[in-house]
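K.L.:
Before we start, here is the structure in question, set down as structure tokens.
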């Protein structure tokens, strides 16, 4: 375990006066405005289901070798093997999901990601995928580092816990949010390491990792990530490389 | 040396209309079976054995089910475990002739997995299973007559290895005109044969399934086998393996060996559930050394039944082959990953979480070594309380894994 390091930029330690004049009020107003604007909008066709797989499929070169960390029922790898002719290998801890992978013909190794990828040689995969798994890991930092050791590229996606709906719920109701994309109460959720888009960017900057491409799920539709998506991105997908 | 390939099963689909749910007439049974025997090596052209020496002639007993496709690309080769035989599925038609009367009570050892519409679907696949060299079910073994002496080989039988077995298997495939197998599959010692076939004949194996098995037996496993052989070797009736023409063989030793082995095939949890501390005879606990607990009765039965159907010398040879097997040593100079670089087959490695003979850790090590070479590998650790026996008992789960793996 690393020593806890107090964040020098923590707002609460210094009081609001430390922030640029009016920033907090401005952010709070933004969240409220977003909420009001979106609340009036009729729920349109939601293209969010498995939105990442479309993008991942585009991002992966034909014939690449792909390691999928936490591959679930093998849906993504099956698609990549079929459409992109990849050499796929999945890792999954849950026995039922492993059975589903075998039903689909997806090669999978039943293992705990926390046990690491020691058996994998450096740069032995073209792409390593970590789809909606990062926030469920016991040691996300180790897995991120292993991902970039064994893979030439990484694809990471996760729910952004600074999404305005999450923030509103937290502030207005003082409760951990339960949303359509985060449908579990805190005591049932597999998400144990909650992070935001900004957190991920900070990790990348401090670890010598380049963001090669980024996408966000905004209002139920995927699009390219923009610099100010902090509050808008419900989910984030980034393609990363060691610089 | 080529033989035609009609199935050895003989129940036509039409004969199964209105069939019963079990027995040879059942719709999903391969029906009545007859083993075949083929001579693969002769006195003039004997097999060269891995640990030195030669053996010839070599007869191999095998069974087949289903029919080969025109291109013979639907062959599923099944390798049996320590005490297994070629009788994988169906009902033996020839028990009166071959004396294997215990087969009258039950079908082949993997009947739940192999048959029309079952996980290894004999409507689709051509299934072959031979008895291994040194075992006592029709393939040349210590019970066979040594042509030089006219008497059973006994301990004059040469030491044989898993590598030798697989060499014989390959020769059998040659004789049947089969270049490549769609899948080779086995559990326990059979799993090691599957692995060995993928290592020794990488171009002849498209898929390999290794159930409850790993690249080598653990020290604990070696220890169990040592005690088992001690029981046999120190039975006063063992007579240095030359007991065939005497009234009694080393029955007590063989029974004790089997009882010990059976403990290793179960799990503590499974035993607790099946027997607990239940007394065999309802009523008072006696103060003596007879069979009092249910678990004692079970082991006693297993020991006795085994003596009826297995040869003590064969048990020595087959357990020794199990001890010696070490894929890393044979093919990778001690490095399992190097060994695995030979493998071209897609592989499926399955462990069972209560198995303490071939533990999940050992099985997973094999899977990871294979994965490191870039070969397509699947590893599943199946939840079960049946211990090592799970590969035979968990037919639903194993069947689902096999069905999916064979289909892709």
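Chains as they are written, first to last, in the numbering used here: chain P, 6 to 248; chain V, 2 to 409. All residues carry an ideal CB built from backbone N, CA and C; glycine is no exception. Since this is a predicted model, take the numbers as computed values, not measurements.
1) So residue 89 of chain V and residue 128 of chain V are supposed to be a Cβ contact under 8 angstroms. How far apart are they, rounded?
2) Can at least three beta-carbon pairs, one atom from the region 69 to 86 of chain P and one from the region 135 to 142 of chain P, be found at a separation below 8 angstroms?
3) Is any non-hydrogen atom of the ligand FMN found closer than 7 angstroms to the C-beta of residue 184 of chain P, if you look at the structure I gave you?
4) Compare the C-alpha of residue 173 of chain V against each of V:378, V:37, V:312 and name the closest.
5) Put residue 211 of chain P into one of helix, strand or coil per three-state DSSP.
6) Using the C-alpha atoms, what's the distance from residue 260 of chain V back to residue 83 of chain V?
7) Measure the Cβ-Cβ separation of residue 81 of chain P and residue 96 of chain P and say whether it is below 8 angstroms.
8) Report the residue ranges of all beta strand (DSSP E) runs contained in full by the region 102 to 132 of chain V; include only those spanning at least 3 residues, in chain order.
9) Taking the C-alpha atoms as reference points, what is the distance between residue 304 of chain V and residue 118 of chain V?
10) With a Cβ-Cβ cutoff of 8 angstroms, do residue 244 of chain P and residue 217 of chain P count as a contact?
11) By the criterion of Cβ-Cβ separation under 8 angstroms, what are the contact partners of residue 126 of chain P in chain V?
12) Output the boundary residues of the beta strand (DSSP E) element that contains residue 227 of chain P.
13) Mind checking residue 191 of chain P: buried by the 16 CB within 10 Å criterion, or exposed?
14) Quick one: residues in its chain with C-beta nearer than 7 angstroms to the C-beta of residue 36 of chain P, no 5 flanking neighbours on either side, listed in chain order?
15) Report the start-end ranges of each beta strand (DSSP E) in the region 45 to 94 of chain V that is 3 residues or longer and not cut off at the edges.
16) Could you work out which residues of chain P lie near residue 384 of chain V, taking near to mean beta carbons separated by less than 7 angstroms?
17) Locate the alpha helix (DSSP H) running through residue 368 of chain V, then write down its first and last residues.
18) From V:310, V:74, V:297, pick the residue whose C-alpha is nearest to that of residue 99 of chain V; which is it?
19) Tell me, to the nearest whole angstrom, how far the beta carbon of residue 295 of chain V is from that of residue 276 of chain V; I am working on the premise that it is less than 8 angstroms.
20) Taking C-beta pairs closer than 8 angstroms, name the residues in chain P that residue 378 of chain V reaches, listed in chain order.
21) Return the CA-CA distance between residue 196 of chain V and residue 329 of chain V, expressed in angstroms with no decimal places.
22) CA-CA distance, residue 29 of chain P and residue 23 of chain P?
23) Just the chain P side, please: which residues come within less than 8 angstroms of residue 368 of chain V by C-beta, in chain order?
24) For the beta strand (DSSP E) that residue 99 of chain P lies in, which residues bound it at each end?
25) Given a limit of 8 angstroms on CB to CB distance, which residues of the region 139 to 161 of chain P reach chain V?
26) In three-state terms, what does DSSP make of residue 279 of chain V?
27) So which of V:390, V:324, V:377 has the shortest CA-CA distance to residue 112 of chain P?
28) Determine the burial state of residue 146 of chain V: buried for a count of at least 16 other Cβ atoms within 10 Å of its Cβ, exposed for fewer.
29) Just reading off the beta strand (DSSP E) that residue 209 of chain V is part of, what are its end residues?
30) Could you tell me whether any Cβ in chain V is nearer than 8 angstroms to the Cβ of residue 6 of chain P?
31) For residue 103 of chain P, decide whether its Cβ has a neighbour in chain V, counting only Cβ atoms nearer than 8 angstroms.
32) From residue 281 of chain V to residue 41 of chain V, what distance separates their C-alpha atoms?
33) What residues of chain V sit near residue 117 of chain P, judged by a beta carbon separation below 8 angstroms?
34) Any idea what DSSP makes of residue 70 of chain P, helix, strand or coil?
35) Touch check for the region 196 to 213 of chain V and the region 233 to 240 of chain V: three-plus C-beta pairs under 8 angstroms?
36) If you measure beta-carbon to beta-carbon, which residues of the region 63 to 76 of chain P are closer than 9 angstroms to chain V?
P.N.:
Checking against the coordinates, here is how it stands:
1) 7 angstroms
2) yes
3) Judged by which ligands are present, the structure shown has none, so any question about the ligand FMN falls away.
4) V:37
5) helix
6) 14 angstroms
7) Between residue 81 of chain P and residue 96 of chain P, the C-beta spacing is not below 8 angstroms.
8) Taken in chain order, the complete beta strand (DSSP E) segments of 3 residues or longer contained in the region 102 to 132 of chain V are 127 to 131.
9) 35 angstroms
10) yes
11) 373
12) 226 to 229
13) exposed
14) Leaving aside the five residues that flank residue 36 of chain P on each side, the residues in its chain whose CB is nearer than 7 angstroms to its CB run, in chain order, 169, 172, 173, 236.
15) 59 to 66, 76 to 80
16) 100
17) Segment 361 to 373, the alpha helix (DSSP H) holding residue 368 of chain V.
18) V:310
19) At roughly 4 angstroms, the Cβ-Cβ gap stays under 8 angstroms, so residue 295 of chain V and residue 276 of chain V are in contact.
20) By Cβ distance, chain P contributes 94, 112, 114.
21) 11 angstroms
22) 10 angstroms
23) 114
24) No beta strand (DSSP E) holds residue 99 of chain P; DSSP gives it neither H nor E.
25) Near chain V, meaning a CB-to-CB distance below 8 angstroms, no residue of the region 139 to 161 of chain P qualifies.
26) Three-state DSSP puts residue 279 of chain V in coil, outside helix and strand.
27) V:377
28) Per the 10 Å Cβ criterion, exposed.
29) 208 to 212
30) Low confidence applies here, because residue 6 of chain P scores a pLDDT of 45, under 50, leaving its location unreliable; read the following figure in that light. Output row for residue 6 of chain P: interface = no.
31) yes
32) 49 angstroms
33) Within 8 angstroms of the CB of residue 117 of chain P, no CB atom of chain V is found; the nearest one sits about 11 angstroms away.
34) strand
35) no
36) 70
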